[in-house]
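S.K.:
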Amino acid sequence: MSFAHEHTRTRSLPELHGHGLRLRAWDPESRADAEVWLRSFTDPEFQRWNTPVRPVVDRAGAREALRRRARHDADGTGASFRVADAGSGAVLGHVGLVGIHPVLRHARVGYWVLPEARGRGVATRALLLAARWAFTGLGLHRLELDHAVGHEASCRVAERCGFRHEGTMRGAVFEAGRHDAFRDAHLHARLATDPEPVLTDPARP
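Under this note's numbering, the sequence shown has 72 at position 65, and the numbering climbs by one with no breaks.
Structure representation (structure tokens):
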């Protein structure tokens, strides 16, 4: 497992390697990256559990979403990684941090996996890798993770990665496909002082 840092005039993300994965920053100007982002946001299973503030419905919208992510990467308030298979290079999904607070040293983390890559432990492996970097590379103290109540697969990923269930947040996220109604969410969190989980079965989701 390694964190290969790149240096530019603005803050750039490192490339992370480990658990059979390669994580790197998304490229907003890449047609392939924009198409992957669009495909994920229009996937019915993604839409079942996630309702973005700005829906992504075409490649132009996907590219603009990636540009916003890149701006947050550059100013240090976010970190969005494209998750790929270390061997084949095939894109598998996404893991990222948002709301990075350098003084309170906390952030929120999220992830998604493309339909064809599900059931292979991609989210678990990517989250473990990103969390280790957040704690050791960024020096964060607390990472929070939330998901809509009922999203059992995401709940299992959180628990396998050492994110303890801390409670239920009432009306914390949008209902599926709606911006005028809300649903409850589970809150999970992991501290830098918590023991790092050992990955024993990468094939599990």
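We put the CB at the ideal spot given by N, CA and C, even for glycine.
On a predicted model such as this, the values are computed, not experimentally measured, just so you know.
Classify residue 70 as helix, strand or coil using the three-state DSSP reduction.
M.R.: helix
S.K.: Hey, is the stretch 117 to 136 in contact with the stretch 41 to 60, meaning 3+ C-beta pairs nearer than 8 Å?
M.R.: yes
S.K.: In this structure, does DSSP put residue 93 in helix, strand or coil?
M.R.: DSSP places residue 93 in coil when its eight states are reduced to three.
S.K.: Between the C-alpha atoms of residue 76 and residue 86, what's the straight-line distance to the nearest angstrom?
M.R.: 8 Å
S.K.: Could you check the C-alpha separation between residue 104 and residue 81 for me, to the nearest Å?
M.R.: The alpha-carbon atoms of residue 104 and residue 81 are separated by roughly 13 Å.
S.K.: Residue 194 and residue 151: beta carbons closer than 8 Å?
M.R.: yes
S.K.: Restricting to Cα atoms, I'd like to know which of 179, 137, 52, 200 is closest to residue 25.
M.R.: 137
S.K.: Using three-state DSSP, classify residue 170 as helix, strand or coil.
M.R.: Residue 170 sits in coil when the DSSP states are folded into three classes, being neither helix nor strand.
S.K.: Sorted by chain position, which residues of the same chain lie with C-beta nearer than 7 Å to residue 93's C-beta, five sequence neighbours on each side aside?
M.R.: 24, 27, 28, 29
S.K.: Are there three or more Cβ pairs, one per stretch, closer than 8 Å when the stretch 56 to 69 is compared with the stretch 122 to 129?
M.R.: Segments in contact, no.
S.K.: Counting contacts by CB-CB distance shorter than 8 Å, is residue 22 in contact with chain D?
M.R.: Absent from the structure is chain D; it holds one protein chain and no more.
S.K.: In three-state terms, what does DSSP make of residue 37?
M.R.: coil
S.K.: When the distance is taken between beta carbons, is residue 204 closer than 8 Å to residue 167?
M.R.: yes
S.K.: With burial defined as no fewer than 16 other Cβ atoms inside 10 Å of the residue's Cβ, what is the status of residue 186: buried or exposed?
M.R.: exposed
S.K.: Helix or strand or just coil, what does DSSP make of residue 24?
M.R.: strand
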